[in-house]
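Shown next, in structure tokens, is the structure this report addresses.
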Amino acid sequence: MKVFINPGHAAGGNPDPGCVNTTEHLRECDIALTVGSLAGKFLEAAGCRVKLLQSHNLATESPAYPSVTGEANRWLADVFVSIHVNAGGGRGAESFCYWKYGAGGRLAACIQRQLVSAMQAIDNGYLDRDVKERKGLCVLRETYMPAALVELGFIDSEDVRLLKEHQEDMARAVARGVTDYLQESLEGIKN
């Protein structure tokens, strides 16, 4: 199975680092890249083919940079996962899909379930903010395969400790969520 991973925002933070916590010297683009890279390694160990692309060109708005959705579609990925970090003072994880009751919704639910379970084992204040539809998000709207966007936690709240110290645990949870989805999909085909 082919898994396309998009760590959110621009590579190296230029021109868009995403959310920033200046006190902790954290940037969303860096956390997303670390978690995405580690998740990719876990998925490769599970037998998946993985492609990772971090770019601020989500469709074709910045032609000088590789298009995230275009690359995923051309590669004929089986699933697409975009990894992000939230801001705004909340707590916990939330995942987004184009349509909650479709394949993307099932993918998002599998990732959400694994991420919340892993992080609540470390910090019981970590919240399950659920899976939500977001039809306006380019990476969900323009991809041809089941796609999910996951927000790992809030960079400006108590979640910052998890975002700093438990990136490998988050990556493992994202990878397990993807493999759960792939397994459920294969079992559905057999039945």
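Just so it is clear: in the sequence shown, position 136 is 136 by UniProt numbering, and no numbers are missing. By construction, the Cβ of each residue, glycine as well, lies at the ideal position given by its N, Cα and C atoms. If you're wondering where the values come from, they're calculated on a predicted model, not measured in any experiment.
Counted as a single uninterrupted DSSP element, the stretch harbouring Ser55 is not any alpha helix (DSSP H), since DSSP gives it neither H nor E. Under DSSP, the beta-bridge partners assigned to Ser95 are Val131, Val150. Taken through DSSP and simplified to helix, strand or coil, Lys41 comes out as helix. The straight-line gap separating the alpha-carbon atoms of Val85 and Gly102 is approximately 24 Å.
Remark: C-beta atoms of Val50 and Met145 do not approach each other more closely than 7 Å.
The beta carbons of Val116 and Val174 sit about 12 Å from each other, so the pair does not count as a contact at 8 Å.
Straight through space, the alpha carbons of Leu140 and Leu43 are spaced by roughly 21 Å. In this chain, the beta strand (DSSP E) harbouring Asn86 covers 79–86.
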